Amino acid sequence: MGYVAVTAGEELVERAEQLFESQRVGDTEDVSVDQIDEQLSRLTARAMGEGGLYAPRLAALAVKQAQGDTVEAAFLLRAYRSTLERFDESVTVDPSAMIASRRVSPAFKDVPGGQILGATRDYTQRLLDFDLVGGSPEDPTAEWDLTDEGDPDRLTNVTELLREEGLLHDPDEPDVDDPADTTRESVTHPAERDEVLQELARGETGAVTALGYSTLRGYGRVHPTLAEVRVGELPVRVEHPYTGDDVTVTHTNVTESEAVVPVYEKRDDPQFAFGYGLTFGRNERKAIGMTVLDASIQLESEEAPAENAEFVLDTIDGMDSFGFIEHLKLPHYVTFQSILDRIRAIRERRGLSEDRRVGPDDQSAETPVSGTSDDD
Amino acid sequence: MTDHATPPDGETPDDEPPDGGAPVPTDSVDAALASLDSDGVAGYNYAYLDEHTKRELRRSMLKAVAIPGHQVPYASRPMPLARGWGTGGIQASLSILGPDDIFKVIDQGADESVNAANIRRLAENTADVSTTTDTTEADLIQSRHRIPEEVLTDEQRLVLQVPITDALRMVDSSDAANRRRHAHKNYGKMWVHLYENVVEYGEIQIASRYPTMVADRYLMDPSPIPRWDVPKLDDADHLTVLAAGREARIYAVPPHTEVEPLAFEDRSFTVERFPGRACHACESTDTYLVEVSEGATESETDTFETRYTCNDSSFCEKRRTNPGIPKDHHLDREGVDWGPELSDVATDDAENATERGGNDE
């Protein structure tokens, strides 16, 4: 007790941490941060997207430290991010400035700029490749005959075509000059669309996918047609402190998705509704899930879970849900004692005997509820 | 990021920060990493949070004090602790702790809980405070789900960790709707819930998180303290700050504020009963007890023995060396003015309790 026990508590914490760390170390060769960055980029993409910090190397470190738990890794990134100084805000970038390495537009067979299949496993057979057990470091594209065709064309956004024809409802224009920052200002409902998009962009991949799926499954009205799914590099531009010109300082790898939804916005001028998704790294299912949720939330209904902004935003964040689900492991004996008191009081009131503990003899002592209740 | 034509040096085109100091070297990620691997908390601001954040929290607290029981939104920062594990409490604590303060952290009544130890370690490492387990010595007490047994004074502050900020959440999951109810002081739905409780169970079956009116204006979730602790908030000498990290709300019960748990005239508010029980270690009968089932596994049968023990482990320790000291032993006045009435609890046996239940009808 007292100081001794407190010290013991802290020692326990340290020991548990050491045991956890020893599970990572193991008997095999240490996985390097570079290897995770290069070979497990789907993990780092999830960590960066959910952490709201684009930093592939730090994400790789976080994934390594979290032993592959992406939500934990995202959490490490967020905790680190919150201590960093903010030097500047970047200039709002037009997504069509993306240098796409993959671009799919299911809405039309042919689109301006063409479909770019890019790197994907979408159409391969999901068979375990046992050759990888021994490692296969050879790059299958090494023999490709490539020619440099210069800078890629800027891709015309498919939704632009629909907008020109007036077929697409424009959502409320978010305030791009002074957007809300939900990491610095807590969300209250009803939330603005810029807040919704931020929260969705940082949402947990599984939660975004599941809630997005819920509406396709019938719990909601949105079944979108995707106009764009793109993966590529978006420039990060800042205003030069001396010249005042916009300069590109780096690129971020992002996945973007846009959808049209045949929910006709206005009866007198029927238009498609619109959904948007964007996430750091390569994470197509999250970007599409986000698109579905953005479109659903704009319906402002409480009929389906995915259409209720409050429900979606309250449950979508991995840090929140993971923390609170896992907090159930903390001791709860104070509250449980209080709950025991209530159920015993209620049983007493109904005339059920108080002192029944689990044991073979106790079955006979059970009092039938019906005969003894003094319920009013 | 191997899929695409990322510049080979990854995210390196790190711009030099403009003047104003650079907390972390930014010429390369490796340098940033190298600067951090020495000591876990080196390079962080005093009390972990930056001064701007701490000021924001203090302002939220001031607003909360000015409007007792009203939930004030604040920008809860991601902390190096999991959300739901005391991140609101630690943000509140770190924003008001100073180097001269003595800090006590308890989790479910115990200083030695590993989560309390973890929170205490963060404050020790970053805020340079000294810590104690003695309630009477502490300037600031952060607690999860308990108010200490020893009476707190007007020089002490209590920070309660809050998982769910709104008592109305029991009857409506929508915060937007509940904020409207608070604005209109419209607590009809909660009253109906309590009434239905009585109809269905004969009494109110809310165990902890008992809905409580503050200053006759706002309905408050007092955090999952047991009902036992709720009366301690009424007209207390100390300031109580309730802080939720995950839900990003702060609210407060200032000193000498009226705090009244909701109840009916014919179904009064009752605290947990421990009829005929006493702490097996210090023999207290006027403290919140928890039962511990201890297996007598060394013998051949699988029997269990249930023992009751004080939940406030620090006060129990004191009473063991100094039996029967009152809860206000450290104050210049007499008479325990803290917590439930003694007579209600200590002398009841099981029969009396049943009878009392019956009398309520």
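Chains as they are written, first to last, in our numbering: chain A, 1 to 376; chain B, 377 to 737. Yeah, the Cβ is synthetic: ideal placement off N, Cα and C, and Gly gets one too. Keep in mind it's a predicted model, so treat the numbers as computed, not measured.
Where the beta strand (DSSP E) through residue i begins and ends
i: A/Asn253; result: 246-261
i: A/Phe280; result: 273-280
i: B/Ala620; result: 615-620
i: A/Glu284; result: No beta strand (DSSP E) holds A/Glu284; the alpha helix (DSSP H) holding it covers 284-297.
i: B/Phe680; result: 680-686
i: B/Leu433; result: Where B/Leu433 is concerned, there is no enclosing beta strand (DSSP E), although the alpha helix (DSSP H) it sits in stretches over 427-442.
i: A/Glu160; result: Careful: A/Glu160 lies outside any beta strand (DSSP E), inside the alpha helix (DSSP H) at 158-164.
Where residue i falls: helix, strand or coil (DSSP)
i: B/Glu576; result: helix
i: A/Phe87; result: coil
i: B/Ser452; result: coil
i: B/Arg625; result: strand
i: A/Phe20; result: helix
i: B/Tyr594; result: strand
i: A/Phe324; result: helix
i: A/Val231; result: strand
i: B/Met589; result: strand
i: B/Asn421; result: strand
i: B/Leu707; result: coil
i: A/Ser101; result: strand
i: A/Leu168; result: strand
i: A/Thr315; result: helix
i: A/Glu11; result: helix
i: A/Val111; result: coil
i: A/Leu188; result: This sequence places Thr at residue 188 of chain A; Leu is not what is there. The answer is coil: DSSP assigns A/Thr188 none of H, G, I, E or B.
i: B/Gly397; result: In this prediction, B/Gly397 has a pLDDT of 38, which is less than 50 and means its spatial position is unreliable; nothing more can be read from the coordinates.
i: B/Arg643; result: strand
Chain B contact for residue i (CB, 8 Å cutoff)
i: A/Gln18; result: no
i: A/Pro179; result: no
i: A/Leu313; result: no
i: A/Met319; result: yes
i: A/Leu12; result: yes
i: A/Asp246; result: no
i: A/Val334; result: yes
i: A/Glu185; result: yes
i: A/Ala304; result: no
i: A/Ile346; result: yes
i: A/Tyr79; result: It is Ala, not Tyr, that sits at residue 79 of chain A in the sequence shown. Output row for A/Ala79: interface = yes.
i: A/Gln337; result: yes
i: A/Pro140; result: no
i: A/Phe280; result: no
CB contact check: residue i to chain A, cutoff 8 Å
i: B/Trp714; result: no
i: B/Asn698; result: no
i: B/Val490; result: yes
i: B/Ser550; result: yes
i: B/Met455; result: yes
i: B/His521; result: yes
i: B/Pro637; result: no
i: B/Arg643; result: no
i: B/Glu667; result: yes
i: B/Ser584; result: yes
Run of the alpha helix (DSSP H) containing residue i, from where it starts to where it stops
i: B/Thr529; result: No alpha helix (DSSP H) contains B/Thr529, which DSSP labels as neither H nor E.
i: A/Asp341; result: 333-349
i: A/Met383; result: Residue 383 of chain A lies beyond the range of chain A shown here (1 to 376); nothing can be said about it.
i: B/Phe650; result: Where B/Phe650 is concerned, there is no enclosing alpha helix (DSSP H), given that its DSSP letter is neither H nor E.
i: A/Ser214; result: 205-216
i: A/Leu383; result: Since the first residue shown for chain A is 1 and the last is 376, residue 383 of chain A is missing from the structure and cannot be characterised.
i: B/Ser519; result: No alpha helix (DSSP H) holds B/Ser519; the beta strand (DSSP E) holding it covers 516-520.
i: A/Val63; result: 56-65
i: A/Val71; result: 70-81
i: B/Glu634; result: Run containing B/Glu634: none; DSSP gives neither H nor E here.
i: B/Phe691; result: 689-697
i: B/Asn554; result: 551-559
Environment of residue i [buried if 16+ CB atoms lie within 10 Å]
i: A/Phe377; result: Given a span of 1 to 376 for chain A in the structure shown, any question on residue 377 of chain A remains unanswerable.
i: A/Leu146; result: exposed
i: B/Glu533; result: It should be pointed out that residue 533 of chain B corresponds to Arg in this sequence rather than to Glu. Flag for B/Arg533 reads buried.
i: B/Trp461; result: buried
i: A/Val187; result: buried
i: A/Gln18; result: exposed
i: A/Thr156; result: exposed
i: A/Asp148; result: exposed
i: B/Phe650; result: buried
Task: beta strand (DSSP E) segments (min. 3 residues) lying fully within the stretch 444-508 of chain B - done: 478-483
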